[in-house]
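Participant: Quick one: this structure, given as structure tokens, is what I'll be asking you about.
Numbering (mature numbering (1 follows the signal peptide of the UniProt record, and there is no 0)), first residue to last: -20 to -1, 1 to 1073.
Encoded structure:
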């Protein structure tokens, strides 16, 4: 007598008439008994409780009993399928018919039934990330569906107790189950007396959840298999350096700071005693000194927040100090004050009416206007403006041809996004959606190539470096079509690519035999983070899948987690890598199949209009179910949405648009490591990880929306600031005297002429910003009204050159791509002005202008002026060009430079590279966001201010994982960590060098370009613990050999960790201006390092 299994699952049925949830349900018990042979017992137990340790249950009672042996003549047959799916506390009960082998599920119903039950078990997955100054534990709750099948004649009977019928023939059918029923209840509720069983009179069911049949197996291995290229794409390293020596037009000044009048110390608090509360839908601001303006501003903000756990044993400056939660959001706001107290060293006996300080104060108190802190709640991505840019920018077109077939339907064309290679040059270089790499395959294997990142294939090397024995670069081989989406009709002379629907996170590729083909074409949406690469075949194209590596085997797999119209294949390549291939048919089609013509070509048996092919790198077998659950649905676009509460607590989301259907109702998408630090919910977590090209392991989720919470550092303002330090800025009279002396010296120039003499907008912006920072020091630290007014007037005059568009390279509005850009390339030289005409480095260049405008506007506004309001449209045009937040603004692409998905900007513009987009200066990326934040504050665009602050917070996470390398970095390969900084960071490569020199000759270049300029925002991203390691392991080894403008940059960066040594350097009696870049002043350097001592 064999051991049999009696499987009993509890299923509560709702009464035919369902009213409110509070009413008592009438229950109906359906009893079914399912027999299996002895070897199957282990399978069913593991299917019911996958991955669970012994003793952990799903809440579904399972009873093992001994019963008589079934009739040996029982036979399998196609049965009606009943699927029970649990969603939260509700159960949906549906009927259908299981798939026949190799075919599609039939609609025929029979009297006998095969019940497929999906049970859910919950597992907890933890990952630890130790970086910066803390460890973070991420806890994910994963719900694993496990499907098991029961066959037999279905009966339903009412019972009052749980009972096992040992004599099947004694069961009496009282009600056949047909059609579909909608039931509600909780699976596994032990208090209920209902059970589901099945009579044992039909057949022995030995079917598994997934069945596999081999379609193709190569009879022999090719004599030579494909080997990817390991050649390094060379970079030019002789471009113009961004740092130059001081060059000024000298001019004596009649108004200077009277140094003899400086007798008092100055202490400046970074707090404001008043809070201005603004909601996005309000028309006026309210002043408040109370503690809780948040309670009425929570409605638009999502309240599903992170369950990520942060270790209480350590805190890190670039992690949230506390996770945003509902209780946190509604907590009191600490009041902040901005006030200045002046103390006198000459009058120790006199008492000050202001705040006390370490030194006695003068009886003469200087009145200082109290700044108001902003508490804005509302939309983060409201448009800056929707009107045309000012007419001062002439309307012209950039001299760059756009290939035929590239059409964005009148919307501005993104110039710095991941898909730019598809409309540049020959259009056949790589694009990186993360985790996949894609390219237009135009040689021999025609179609769209797909590859994944195999870390064992990475190429490491070393050249022109100061770090012997350390890799100076790594990259991943490119153009390796593991799977190539194609059609039998494609050939060298009959394949055309179109590109459309280009947005901030997506684009749509269209392959056809001829241009303008609207009937027969292959459509491939490419979206950042997409879990499948999807091809939609339209018209009469016959699908074909090719591989450079070749197919060793092709297997057809059946899974109950798939929709009935989806076929699943597993392809194993000759490199040993497994790929999943899903084919979704618009209707059931029994005679469709995938055929292996040979080891390199898979061909569809026929064309099917609307057929969908999706490919993905195969995970561990136990996790296939998540791809199965997502198959049939694919992402087509993504947008960014977000809100902020009181200018500090931000919630933002990637909202994916989808097409198609899946059994889970969701697509599968991937997140990067920095996303996991602020993810607000782990719902949909799969546990699947895939390697990215240069950003570590990515994690997959079944979801249409990824939401994140982050905290904006409101202490980042105009004056010097070190993140994490709560103390005041303090300057002794001796320091102030040195500051005044330095300011007098550096202001003895014709500012307007000095700025206008620059032959680049980049250098002009840097010089303009330098004098704006001196103005800030004179006005808010030295407090000299006369020199403030004189310098302010000079800076307004200097700005006038640009406001009237009379600079060396005037700006234009480019009607081809949609942007305010340089006219430098209109004569054919696209490399002039650092390539800015072709949208290279716009955020670097414009960041200096925006920050300078913020300072000028801030000081002018404090003095009762309207300069910022009068010139808002011009400055806003620069901001809109780089960081337009809304598709409502039809004149600029959304977020040209900053990638909300990547967590930082890309700088390359309209220049192609097989390694994708790149960025050389993380610090100038920071400077643009910082300048935008301050400018938003000045013009009272508080959404802009908060958005700039959020960008800084996100960059802090991204840069400290991908660009800045502490010794405990677990994202980047260990081989490059001793370099401490990335150098030029590409989507597919990290190379420790610069475009203007190599570190074997000038290591200060590769480190300094990630430092300049040092401002109040620097330390929030360049966290002190990282700066300390970089200084110890790298900077200290070569700084004594640097005697140029880079010296001042390195030394001011030192102030983040050692302000005293930094100040001593800038205050040295042996000081020389050769240590200063044209964009750095000694005055600001003394103010920054001296104020944070």
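Quick reminder that beta carbons are idealized off the backbone N, C-alpha and C, glycines included.
None of the values given here were measured: they were computed from a predicted structure.
For the alpha helix (DSSP H) that residue 853 lies in, which residues bound it at each end?
Facilitator: Counting from 1 along the chain shown, the entry for residue 853 is found at position 873. Per DSSP, residue 853 belongs to the alpha helix (DSSP H) from 852 to 863.
Participant: Would you call the stretch 853 to 873 and the stretch 947 to 959 touching, i.e. three or more CB-CB distances under 8 angstroms?
Facilitator: Segments in contact, no.
Participant: Using only the alpha-carbon positions, how far apart do residue 818 and residue 801 sit?
Facilitator: Position 838 of the chain shown, counted from the first residue, corresponds to residue 818. Position 821 of the chain shown, counted from the first residue, corresponds to residue 801. Rounded to the nearest angstrom, the two C-alpha atoms are 8 angstroms apart.
Participant: For residue 532, which residues of its own chain have a beta-carbon under 7 angstroms away from its beta-carbon, when the five flanking residues on both sides are left out?
Facilitator: The sequence position of residue 532 within the chain shown is 552, counting from 1. If we look at residue 532 and ignore the five residues flanking it on each side, its Cβ neighbours are 198, 552, 553 and 554.
Participant: Select from 909, 896, 994 and 256 the residue whose C-alpha is nearest the C-alpha of residue 353.
Facilitator: As a working mapping, residue 353 is identified with position 373 in the chain shown. With distances taken between Cα atoms, residue 353 lies closest to 256.
Participant: Can you tell me the Cα-Cα spacing of residue 556 and residue 1016, whole angstroms?
Facilitator: Within the chain shown, the letter at position 576 stands for residue 556. Within the chain shown, the letter at position 1036 stands for residue 1016. C-alpha separation (whole angstroms): 47 angstroms.
Participant: Measure the C-alpha to C-alpha separation of residue 850 and residue 627 and round it to an integer number of angstroms.
Facilitator: The count along the chain shown starts at 1 and reaches residue 850 at position 870. The count along the chain shown starts at 1 and reaches residue 627 at position 647. Distance between the alpha carbons of residue 850 and residue 627 is about 25 angstroms.
Participant: Tell me the start and end of each unbroken alpha helix (DSSP H) in the stretch 632 to 665 that is at least 4 residues and wholly inside, in chain order.
Facilitator: Complete alpha helix (DSSP H) runs here, min 4: 653 to 656.
Participant: Please list the terminal residues of the continuous alpha helix (DSSP H) segment that includes residue 841.
Facilitator: The sequence position of residue 841 within the chain shown is 861, counting from 1. Per DSSP, residue 841 belongs to the alpha helix (DSSP H) from 822 to 842.
Participant: Measure how close the beta-carbons of residue 973 and residue 986 come, nearest whole angstrom, since I'm counting them as under 8 angstroms.
Facilitator: If you number the chain shown from 1, residue 973 lands on position 993. If you number the chain shown from 1, residue 986 lands on position 1006. Rounded, the Cβ-Cβ distance is 6 angstroms, consistent with contact.
Participant: With a CB to CB cut of under 6 angstroms and the five nearest residues on each side skipped, what residues in its chain are close to residue 191?
Facilitator: On the chain shown, residue 191 is found 211 positions in, with the first residue counted as 1. Excluding positions up to five away in sequence, the list reads 538.
Participant: Report the three-state DSSP secondary structure of residue 478 (helix, strand or coil).
Facilitator: Taking the first residue of the chain shown as position 1, residue 478 is located at position 498. Here residue 478 sits in strand by DSSP.
Participant: Under a three-way DSSP split, which group does residue 706 fall into?
Facilitator: Counting from 1 along the chain shown, the entry for residue 706 is found at position 726. Three-state DSSP puts residue 706 in coil, outside helix and strand.
Participant: Pick out the complete alpha helix (DSSP H) segments inside the stretch 740 to 819, 4 residues or longer, and give them in chain order.
Facilitator: Entirely contained in the stretch 740 to 819, the alpha helix (DSSP H) runs reaching 4 residues are, in chain order, 741 to 757 and 765 to 783.
Participant: Touch check for the stretch 740 to 747 and the stretch 237 to 252: three-plus C-beta pairs under 8 angstroms?
Facilitator: Taking 8 angstroms as the limit for Cβ pairs, the verdict is that the stretch 237 to 252 does not touch the stretch 740 to 747.
Participant: Return the first residue and the last residue of the beta strand (DSSP E) that residue 505 is part of.
Facilitator: Position 525 of the chain shown, counting from 1, holds the residue named residue 505. Note, residue 505: beta strand (DSSP E), 501 to 507.
Participant: For residue 680, which of 874, 693 and 663 has the nearest alpha-carbon?
Facilitator: For the purposes of this step, residue 680 is taken as residue 700 along the chain shown, with counting starting at 1. The residue with the shortest Cα to Cα distance from residue 680 is 663.
Participant: I need the DSSP call for residue 177, collapsed to helix, strand or coil.
Facilitator: Here residue 177 corresponds to residue number 197 of the chain shown, with the count starting at 1. Bear in mind that a pLDDT of 29 at residue 177, under 50, signals an unreliable position, so the number given afterwards is only what the model happens to contain. In this structure, residue 177 counts as coil in the three-state DSSP scheme.
Participant: With the cut-off set at 8 angstroms, would you say residue 226 and residue 1053 are in Cβ contact?
Facilitator: Taking the chain shown and counting its residues from 1, one reaches residue 226 at position 246. Taking the chain shown and counting its residues from 1, one reaches residue 1053 at position 1073. Against a cut-off of 8 angstroms, the Cβ pair of residue 1053 and residue 226 comes out as a contact.
Participant: Distance check for residue 612 and residue 259, CA to CA, integer angstroms please.
Facilitator: The residue you call residue 259 lines up with position 279 of the chain shown. The residue you call residue 612 lines up with position 632 of the chain shown. Approximately 42 angstroms, taken between the alpha carbons.
Participant: Enumerated in chain order, which unbroken segments of the beta strand (DSSP E) with a length of 3 residues or greater are wholly contained in the stretch 198 to 259?
Facilitator: Qualifying beta strand (DSSP E) stretches, in chain order: 244 to 248 and 254 to 259.
Participant: Is it the case that the stretch 446 to 454 contacts the stretch 966 to 983, given that we only count it when at least three CB pairs across the two stretches are under 8 angstroms?
Facilitator: Short answer: they touch.
Participant: With DSSP as the reference, label residue 578 as helix, strand or coil.
Facilitator: The sequence position of residue 578 within the chain shown is 598, counting from 1. Reduced to three states, the DSSP call for residue 578 is strand.
Participant: Given a cut-off of 8 angstroms, decide if residue 398 and residue 1074 are closer than it, judged by their beta-carbon atoms.
Facilitator: Here the chain comprises residues numbered -20 to 1073, so residue 1074 is not present and cannot be evaluated.
Participant: What are the start and end residues of the alpha helix (DSSP H) that includes residue 1007?
Facilitator: Against the chain shown, residue 1007 aligns to sequence position 1027. 1004 to 1010 is the span of the alpha helix (DSSP H), which, as asked, contains residue 1007.
Participant: Measure how close the beta-carbons of residue 457 and residue 210 come, nearest whole angstrom, since I'm counting them as under 8 angstroms.
Facilitator: As a first step, residue 457 must be located in the chain shown, where it is residue number 477. As a first step, residue 210 must be located in the chain shown, where it is residue number 230. Correct: roughly 6 angstroms between the Cβ atoms.
Participant: Comparing alpha-carbon positions, which option in 931, 834 and 569 lies nearest residue 914?
Facilitator: Taking the chain shown and counting its residues from 1, the one referred to as residue 914 is at position 934. Here the closest residue by C-alpha is 834.
Participant: Are the beta-carbon atoms of residue 395 and residue 890 separated by less than 8 angstroms?
Facilitator: By one-based count along the chain shown, residue 395 stands at place 415. By one-based count along the chain shown, residue 890 stands at place 910. Yes, these two residues count as a Cβ contact at 8 angstroms.
Participant: Do you know whose CA, among 583, 473, 510 and 886, lies nearest residue 616's CA?
Facilitator: The residue labelled residue 616 in the question sits at position 636 within the chain shown. Looking at the Cα atoms, 510 is the closest of the given residues.
Participant: Can you give me the start and stop residues for the beta strand (DSSP E) that residue 523 sits inside?
Facilitator: Taking the chain shown and counting its residues from 1, the one referred to as residue 523 is at position 543. Segment 523 to 526, the beta strand (DSSP E) holding residue 523.
Participant: Rounded to the nearest angstrom, what separates residue 983 and residue 932 at their Cα positions?
Facilitator: One-based indexing of the chain shown puts residue 983 at position 1003. One-based indexing of the chain shown puts residue 932 at position 952. Cα to Cα, residue 983 sits roughly 26 angstroms from residue 932.
Participant: Is the distance from the Cβ of residue 1050 to the Cβ of residue 378 below 8 angstroms?
Facilitator: For the purposes of this step, residue 1050 is taken as the residue at position 1070 of the chain shown. For the purposes of this step, residue 378 is taken as the residue at position 398 of the chain shown. No.
Participant: Let me confirm a value: residue 879 is counted as buried when at least 16 other C-beta atoms fall within 10 Å, else exposed. Which label applies?
Facilitator: Position 899 of the chain shown, counted from the first residue, corresponds to residue 879. Per the 10 Å Cβ criterion, buried.
Participant: Helix, strand or coil, according to DSSP, for residue 550 in the structure here?
Facilitator: Here residue 550 corresponds to residue number 570 of the chain shown, with the count starting at 1. Note: residue 550 maps to strand in three-state DSSP.
Participant: For the beta strand (DSSP E) containing residue 692, name the first residue and the last one.
Facilitator: Within the chain shown, the letter at position 712 stands for residue 692. Residue 692 -> no beta strand (DSSP E), and no H or E assigned at all.
Participant: Residue range of the alpha helix (DSSP H) that residue 942 falls in?
Facilitator: Taking the chain shown and counting its residues from 1, the one referred to as residue 942 is at position 962. First-last of the alpha helix (DSSP H) with residue 942: 922 to 942.
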